[in-house]
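Numbering (the working numbering), first residue to last: 178 to 564.
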């Protein structure tokens, strides 16, 4: 279920929301997600006070609360449910109704919360997002000490004043949110309620084995029941450039009563296996279909992923891809997106960036102090760009 759209919202300037149990009530304002507090017109109006910084129209650093009521369908009863929050800034805490689900603070991967079993009907999801600068006072003091040592005596007083003001906008805990990138609060990527059968495909990782013309597949299957069962797993692989099917294969697997089951399989890629590199970025699409039988009930799930066949290694000081020495020609990406002050989250935007890189003969992009979103990796796979 896509949860993008209008959410109830409130800024928690006095940091009293948890104590007052805001997750139990209705928040007083509204906001559109995905998006940030600032681009929705909330925060303090900026008057161009930051020297050498990107100045947003509005500023906000602190806690904001987001809330939405969802309907759990009757046919979801007993199923595995999770809340996915892509690209949060930066620390989130989640409640479903009055139940606290925990805290996450990853800046590189989506925040994923497993939900308790919910009865059909209306349920309230509340998300608390805190983008405050952790250990700010300690960080600022360290910066002051370093600057006093480093600066020339003649210009010391003025330079200390200007550079110290800059440091207040730096975020010790938020990669990519330095003086040239915006400081924002919100959720800017996918916001989804994931609903799966109580036996489901959790993940699939593909590892190229060029020497043996095969792909090693690691599959994780979740089992929310307390029983073991038999299942069939079908693999269907196609070459993206031609849409030709390379292989289809079905295997039997025994799913134990454990919550997480890990399996490893091998797929032969054929004598006409296509390799990935910057000049010929051939990719394959892999579809997994799971069919399990539990208490005479047939349970199914599907998972898709994209991968490339390439051999990456080092020899001395050289990087080797598919037996060929790579000459890295790249540039820097510092999370500079002045219109939004946060990175693009869609495939088309990153494909455009990579097309421009290739016009200049570049083949890699280094991300300074932040991890790009999933869309950036997907576009890089198809454009032949190394990150």
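Beta carbons: idealized from backbone N, C-alpha and C, even for Gly.
Note that this is a predicted model, so its numbers are computed, not measured.
If we call anything under 7 angstroms between Cβ atoms a contact, is residue i one with residue j?
i, j, result
"residue 362", "residue 181", "no"
"residue 255", "residue 309", "no"
"residue 378", "residue 478", "yes"
"residue 306", "residue 290", "no"
"residue 443", "residue 391", "yes"
"residue 412", "residue 426", "yes"
"residue 405", "residue 433", "yes"
"residue 414", "residue 463", "yes"
"residue 424", "residue 262", "no"
"residue 303", "residue 244", "yes"
"residue 397", "residue 439", "yes"
"residue 199", "residue 372", "no"
"residue 273", "residue 299", "no"
"residue 514", "residue 383", "no"
Would you tell me roughly how many angstroms separate the C-alpha atoms of residue i and residue j, rounded to the nearest one?
i, j, result
"residue 558", "residue 475", "36 angstroms"
"residue 501", "residue 385", "16 angstroms"
"residue 521", "residue 553", "8 angstroms"
"residue 163", "residue 222", "This structure cannot settle anything about residue 163, because the visible part of the chain is limited to 178 through 564."
"residue 437", "residue 257", "13 angstroms"
"residue 375", "residue 294", "11 angstroms"
"residue 192", "residue 233", "23 angstroms"
"residue 494", "residue 268", "39 angstroms"
"residue 556", "residue 523", "9 angstroms"
"residue 189", "residue 218", "16 angstroms"
"residue 208", "residue 409", "44 angstroms"
"residue 265", "residue 247", "20 angstroms"
"residue 283", "residue 546", "13 angstroms"
"residue 281", "residue 287", "9 angstroms"
"residue 441", "residue 389", "16 angstroms"
"residue 407", "residue 393", "22 angstroms"
"residue 194", "residue 204", "10 angstroms"
"residue 278", "residue 527", "33 angstroms"
"residue 533", "residue 541", "12 angstroms"
"residue 320", "residue 491", "Unreliable positioning characterises residue 320 in this predicted model, as indicated by a pLDDT of 46, which lies under 50. A coordinate reading is not provided."
"residue 544", "residue 550", "11 angstroms"
"residue 186", "residue 202", "11 angstroms"
"residue 259", "residue 184", "19 angstroms"
"residue 504", "residue 496", "8 angstroms"
"residue 403", "residue 276", "23 angstroms"
"residue 489", "residue 431", "34 angstroms"
"residue 452", "residue 216", "43 angstroms"
"residue 525", "residue 249", "33 angstroms"
"residue 428", "residue 420", "23 angstroms"
May I ask you to list the residues that DSSP assigns as paired with residue i?
i, result
"residue 445", "391"
"residue 240", "189 and 307"
"residue 194", "Looking at the DSSP assignment, residue 194 forms no beta bridge with any residue, so it has no partner."
"residue 469", "408 and 476"
"residue 453", "458"
"residue 259", "291 and 371"
"residue 512", "Residue 512 pairs with nothing; no bridge assigned."
"residue 431", "407"
"residue 484", "461"
"residue 301", "246"
"residue 399", "377 and 437"
"residue 548", "BP columns for residue 548 are empty, so no partner."
"residue 222", "235"
"residue 419", "None, per the DSSP bridge assignment."
"residue 266", "363"
Who are the Cβ neighbours of residue i in its own chain at under 8 angstroms, not counting the five residues just before and after it?
i, result
"residue 454", "487, 498, 499, 501 and 561"
"residue 334", "The predicted position of residue 334 is uncertain, since its pLDDT is 46 and thus under 50; a value taken from the coordinates is nonetheless stated next. The answer is none, since no qualifying residue turns up."
"residue 121", "Only positions 178 to 564 of the chain appear in the structure, and residue 121 is not among them; the question remains open."
Once you ignore the five residues that flank residue i on each side, which residues in its own chain have a CB closer than 7 angstroms to its CB?
i, result
"residue 285", "548"
"residue 220", "214, 235, 236 and 237"
"residue 435", "400"
"residue 539", "506, 507 and 508"
"residue 212", "363 and 365"
"residue 480", "378, 381 and 465"
"residue 482", "381, 383 and 463"
"residue 450", "390 and 486"
"residue 418", "459"
"residue 531", "556, 557, 560 and 562"
Counting only the same chain and skipping the five closest in sequence on each side, list residues whose C-beta sits under 6 angstroms from that of residue i.
i, result
"residue 251", "297"
"residue 178", "370"
"residue 445", "391"
"residue 422", "415"
"residue 535", "none"
Residue i CB to nearest chain D CB: under 7 angstroms?
i, result
"residue 293", "Looking for chain D here will not work: only one protein chain is present."
Task: the region 510-526 in contact with the region 454-471 per 3-pair CB rule at 8 angstroms - done: By the C-beta criterion, the region 510-526 is judged not to be in contact with the region 454-471, since fewer than 3 inter-stretch pairs fall below 8 angstroms.
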